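The opening residue of the sequence shown carries number 223 in the working numbering; numbering runs sequentially from there.
C-beta atoms are modelled at their ideal positions from N, C-alpha and C, and glycine is treated no differently.
Please read all numbers here as calculations on a predicted model, not as lab measurements.
Here is the structure we will look at, set down as structure tokens.
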Amino acid sequence: ALAAALVGTAHYFEEIGDPSRLAHLDKFTMGVLAIEVLLGALTFTGSLVAFGKLQEMIPSTIKGLPQQNAINFTLLGAALLMCVWLVFHPTHYVVFLLLIIVALAFGLCLVMPIGGADMPTVISLLNSYAGLSASLMGFVLDNYLLIIAGALDGSSGLILSIIMCKAMNRSFTNVLFGRMEPTSAAAADDVYAGKVKSATPEDVAMLLDGAQRVIVVPGYGLAVAQAQHTVREMASILEDRGCTVEYAIHPVAGRMPGHMNVLLAEADVPYDQLKEMEEINPTFAQCDVAIVIGANDVVNPLANTDPTSPIAGMPILNVSHARNVVVVKRSLSPGFAGIPNPLFAADNCLMLFGDGKKAMVELVAALKEG
223 ALAAALVGTA HYFEEIGDPS RLAHLDKFTM GVLAIEVLLG ALTFTGSLVA
273 FGKLQEMIPS TIKGLPQQNA INFTLLGAAL LMCVWLVFHP THYVVFLLLI
323 IVALAFGLCL VMPIGGADMP TVISLLNSYA GLSASLMGFV LDNYLLIIAG
373 ALDGSSGLIL SIIMCKAMNR SFTNVLFGRM EPTSAAAADD VYAGKVKSAT
423 PEDVAMLLDG AQRVIVVPGY GLAVAQAQHT VREMASILED RGCTVEYAIH
473 PVAGRMPGHM NVLLAEADVP YDQLKEMEEI NPTFAQCDVA IVIGANDVVN
523 PLANTDPTSP IAGMPILNVS HARNVVVVKR SLSPGFAGIP NPLFAADNCL
573 MLFGDGKKAM VELVAALKEG
């Protein structure tokens, strides 16, 4: 996206700097060039904000400015007016520079108020913007490969964003325009105080001893820890004991749809063991042990019980219905949504604290010793 904006800027000043080439900057080319720079610049700053939020460099408490939507629409309207102005007055380079500044500011304002639970969707949407910017750059440079590749990237990113919104029961327009979501009043201390039960790998191994059906719920933490191979090893041990092992896949677990499927495929997990949410949710009640590895918001019961929660209405995996739940997690820190998870304090839940891979390695060792 940044490259598209820079190339567009360089091409613009190259054209207006040479009177003999000014005729090449017709209305169509100037319009495409202006929109290319607009999309490239806003995608760049929007991506910086998304990265900062995901890396927790930008506190989740920062939700944007008052009247954020009005500011966003004002910036967008101003940018589009500048694009139209440049179509009819391409030599007004001051307007072009103002367009870049407004686009950079719009990218910041567009992504800043969006809650962490929507961040995977935002990343996909920004990827779509980057693809469209590259496609427009292809028109400017008369490069058919850029046009085709950018169009494919842009359309696939947009389709992916819509799929993710449907999976989260979210309005695409709310995510697109960064509508600020209400937050749950429940504090972490109120949810967890005196209720969280910590377990050791040996405790979990004893719980798994004799289990007839185990469901593994992978999340982004599993991807970060690269624990998929160790999870597969654990599953093999359980299967050798006659246990049925399945994997519950939430559509937005990880960073995008299919993220968990790819990771588990790397570990040679049989595809028929991967169960979509709609298929496996009704069967959690018949599960002896559900093992949640690095997942948080996608198993948070507040989505069903608290209408003021940022994830209210989002379809979740009904892990709490299992007879026993083991959550492998570094700490009680919240997920993308920034809210506590009552599942961690449930009577049937044990917390196995630690890095996902390290905890699973210790659990595998305990199973082998047992």
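Run through DSSP, which three-state label would residue i get?
i: residue 240; result: coil
i: residue 454; result: helix
i: residue 580; result: helix
i: residue 371; result: helix
i: residue 342; result: helix
i: residue 192; result: Any answer about residue 192 is impossible in this case: the structure gives the chain only from 223 up to 592.
i: residue 407; result: Residue confidence is low: residue 407 scores 44 on pLDDT, short of 50, so the model does not pin down where it sits. No coordinate-derived value is stated.
i: residue 402; result: For residue 402, the predicted structure reports a pLDDT of 45, less than 50, and the residue's modelled location is therefore unreliable. A value from the coordinates is still provided. Three-state DSSP puts residue 402 in coil, outside helix and strand.
i: residue 574; result: strand
i: residue 474; result: coil
i: residue 541; result: helix
i: residue 358; result: helix
With 16 as the cutoff for other CB atoms within 10 Å, does residue i come out buried or exposed?
i: residue 391; result: exposed
i: residue 313; result: exposed
i: residue 537; result: buried
i: residue 316; result: exposed
i: residue 572; result: buried
i: residue 268; result: buried
In terms of residue numbering, what span does the beta strand (DSSP E) encompassing residue i cover?
i: residue 417; result: Element bounds for residue 417: n/a, residue is neither H nor E.
i: residue 273; result: That residue, residue 273, is in no beta strand (DSSP E); its alpha helix (DSSP H) goes 249-276.
i: residue 517; result: Careful: residue 517 lies outside any beta strand (DSSP E) and carries neither H nor E.
i: residue 471; result: 466-471
So the candidates are the options; which of them puts its Cα closest to the Cα of residue i?
i: residue 476; options: 491, 495, 508 and 518; result: 518
i: residue 437; options: 541, 395 and 566; result: 541
i: residue 327; options: 315, 310, 295 and 358; result: 295
i: residue 248; options: 362, 343 and 319; result: 362
i: residue 418; options: 447, 551, 274 and 443; result: 551
i: residue 444; options: 224, 483, 389 and 244; result: 483
i: residue 321; options: 549, 570 and 302; result: 302
i: residue 381; options: 349, 356 and 366; result: 349
i: residue 499; options: 516, 290, 586 and 470; result: 470
i: residue 452; options: 266, 258, 431 and 486; result: 486
The alpha helix (DSSP H) that contains residue i, what's its start and end?
i: residue 526; result: 524-527
i: residue 546; result: Element bounds for residue 546: not the alpha helix (DSSP H) but the beta strand (DSSP E), 546-551.
i: residue 442; result: 442-447
i: residue 318; result: 315-333
Assuming residue i contacts residue j under a Cβ cut-off of 8 Å, what Cβ separation, rounded to an integer in Å, is found between them?
i: residue 346; j: residue 299; result: About 25 Å separates the two Cβ atoms, so there is no contact after all.
i: residue 272; j: residue 359; result: With a Cβ gap of about 22 Å, residue 272 and residue 359 do not count as contacting.
i: residue 523; j: residue 565; result: 6 Å
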